[in-house]
Structure formats: structure tokens, C-alpha cells
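Novice: Here it is, the structure, as C-alpha cells.
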Amino acid sequence: MQLTEHIITDSTGEYTRDLWLMTAPTDEPHRLCVFLDAEHYLRDMDCPPVISGLIQNGLIPPVSCVFISHVSSTARQQDYLWNERYARFIAEDVVAWCTERANVQTAGNVMCGLSLSGLAGALIALLYPERFPDVLCQSGSFWWLAQQEHSLPKTSVKFWLSVGDQETETGVTHAPLGLFQEVSQIAGVEWVASRLQSLGATVKYRQYAGGHAIAPWREELSLALPWLLSSTEKNE
0 MQLTEHIITD STGEYTRDLW LMTAPTDEPH RLCVFLDAEH YLRDMDCPPV
50 ISGLIQNGLI PPVSCVFISH VSSTARQQDY LWNERYARFI AEDVVAWCTE
100 RANVQTAGNV MCGLSLSGLA GALIALLYPE RFPDVLCQSG SFWWLAQQEH
150 SLPKTSVKFW LSVGDQETET GVTHAPLGLF QEVSQIAGVE WVASRLQSLG
200 ATVKYRQYAG GHAIAPWREE LSLALPWLLS STEKNE
């Protein structure tokens, strides 16, 4: 599976982002996996070989993958903090761009994110559930959501929510925008897991050994993607 680099500008001109496309080894219509935080999933986690291996071993069906850059720390926080304009950019512009270059579906796709982009991925799926009915949130920054007063809609979206058993820190200020974290990562993920289940979502909650780190996130892909790309419908 070849990875190619491109630049996309959205229909409003607000967003211009680097992105990388990895097309599935099939000409048949297939699903798309959208990865936010391309820098982490590509540079730090090197996840394309993991995905290729899952396909080759028959653990997941052929999928195309697109990885979108977060550009900078400031843009990352601005884009990923419950930003409906950014959600529209991903769900409409990025998906449409991918359908022009691979035989991917416009609906039934998978959204993937980690830490702050896990929070963003959840919003995108809640706003566009037909387009993204399956979501991977690795150590999602749901502490931020737990500190807000945002209401969440009823949903049938399927969520894989994970967090490390060492992610207990509170009272942290996150640069560059000075986001203050009062709630621990574990408490935030547990809170959103319970909330989403009460609203009708299918939730797989997984607590792994470790902290907010690349190694367990990479290892987890081999568990999460088969579950998300299957027909599993049981809360766990």
C-alpha cells in the first residue's frame, strides 16, 4: 500500500492542510479510515505497516486511509476543541477529496484520533454519524468535555475508548492556549463512556497498562481496528 502526500484546501478557504493517502489494495468499493494527528500516526507510530499487516492477514477488510496534519500546536488545539467548522471540513471536504482518488464509500467510514484529536473525532462522528459510525479514541482528552456544559445527542455510533492506567494527573496547564485540566484522563474517558452508553452508543472501554504514550497506542491498533470494522454490537 503506497502512501502519497497532498495538500487540500476546504471549500470555504478556511483550512489548508497537508494530508497523506494510502489506498486499499482493491478496486471494489470499500471503507475509509480517517486519522487525525497525522504527525503522530505516521511519524511517531508508523501505523501504515500495522494496517497493511491486518489486511494481509485477513483481520480487517481492505480499507483506504487518509492522515490529516495538525500543522502546529496552536492550530491543533483550535481545530480539535469541539470545533464544528473543522468537523465539517473533515466530514465533507476531506471525504469528498478521497472519493475522487479511491473507490471509498461516502458513508460507513471510521474516524481515528488520539489525545486531543480523539476528542475531535468523537465530535465529528456525533455530528456526522452516517458518515462515521465507528470511532477510535485513544486516550481521548474527554477531561475537557467533562469540564464543559456541552449536551451530547442520542447516537448509535460505535466507540472504542481507551486510556492508560497511569493517566491520573490533574491540575495541568496545556500550552500553547493555556488549557487547564482539572479532571484526570482516566476520569474523563470513564465519564464519556458512561454518558455515550446512556445515549445509545456501542462502547468498548479499554484500560491499558501505561501512560499517555505512543507505544501502547500503536499496539492497540491491532485490537481496535478489527473490532471497529466488524459487526460487534456489545458494550464492554
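Under numbering that gives the first Met the number 0, read the sequence shown as residues 0 to 235, first letter to last.
The beta carbon of each residue, even a glycine, is placed where N, CA and C say it ideally should be.
I need the straight-line Cα distance from Val156 to Ala86, nearest angstrom please.
Specialist: 16 Å
Novice: Spatial neighbours of Glu232 within its chain, please: CB distance less than 8 Å, with the 5 preceding and 5 following residues excluded, ordered by chain position.
Specialist: The pLDDT assigned to Glu232 is 48, lower than 50, so where the model puts this residue is not dependable, and the model offers no usable value.
Novice: Tell me the rounded alpha-carbon separation between Ser138 and Ser221.
Specialist: 16 Å
Novice: Would you call the region 95 to 115 and the region 139 to 154 in contact, with 3 or more CB pairs under 8 Å?
Specialist: yes
Novice: Taking only runs of the alpha helix (DSSP H) that begin and end inside the region 104 to 166, which ones reach a length of at least 4 residues, in chain order?
Specialist: Uninterrupted alpha helix (DSSP H) stretches at least 4 residues long and entirely within the region 104 to 166 occur at 115 to 126 and 141 to 145, given in chain order.
Novice: May I have a chain-ordered list of the beta strand (DSSP E) segments no shorter than 3 residues that lie completely inside the region 34 to 98?
Specialist: List check, beta strand (DSSP E) in window: 62 to 67.
Novice: Tell me whether Thr231 sits in a helix, a strand or coil according to DSSP, three-state version.
Specialist: With a pLDDT of only 48 at Thr231, under the threshold of 50, the placement of this residue in the model should not be trusted, and no figure is reported.
Novice: Just checking, does the region 64 to 72 make contact with the region 12 to 20 on the three C-beta pairs under 8 Å criterion?
Specialist: yes
Novice: Is it buried or exposed for Asn321, if we count other Cβ within 10 angstroms and need 16 for buried?
Specialist: Residue 321 lies beyond the stretch modelled for the chain, which goes from 0 to 235, so this question has no answer here.
Novice: Throw me the rounded Cβ distance for the Val93 and Leu135 pair, which I believe falls under 8 Å.
Specialist: Contact doesn't hold; Cβ gap of about 16 Å is too wide.
Novice: In its own chain, which residues sit with a C-beta less than 6 Å from the C-beta of Asp78, not counting the 5 before and 5 after it?
Specialist: Tyr85
Novice: Note the first and the last residue of the continuous alpha helix (DSSP H) segment covering Val191.
Specialist: Its alpha helix (DSSP H) spans residues Gln184 to Ser197.
Novice: For Leu220, which of helix, strand or coil comes out of DSSP?
Specialist: In the three-state scheme derived from DSSP, where H, G and I count as helix and E and B as strand, Leu220 is classed as helix.
Novice: Return the bridge partner residues of Tyr14 from the DSSP annotation.
Specialist: Partner(s): none; Tyr14 has no beta bridge.
Novice: Decide if Asp9 is buried, meaning its Cβ has at least 16 other Cβ atoms within 10 Å, or exposed.
Specialist: By the neighbour-count rule (16 or more Cβ atoms within 10 Å), Asp9 is buried.
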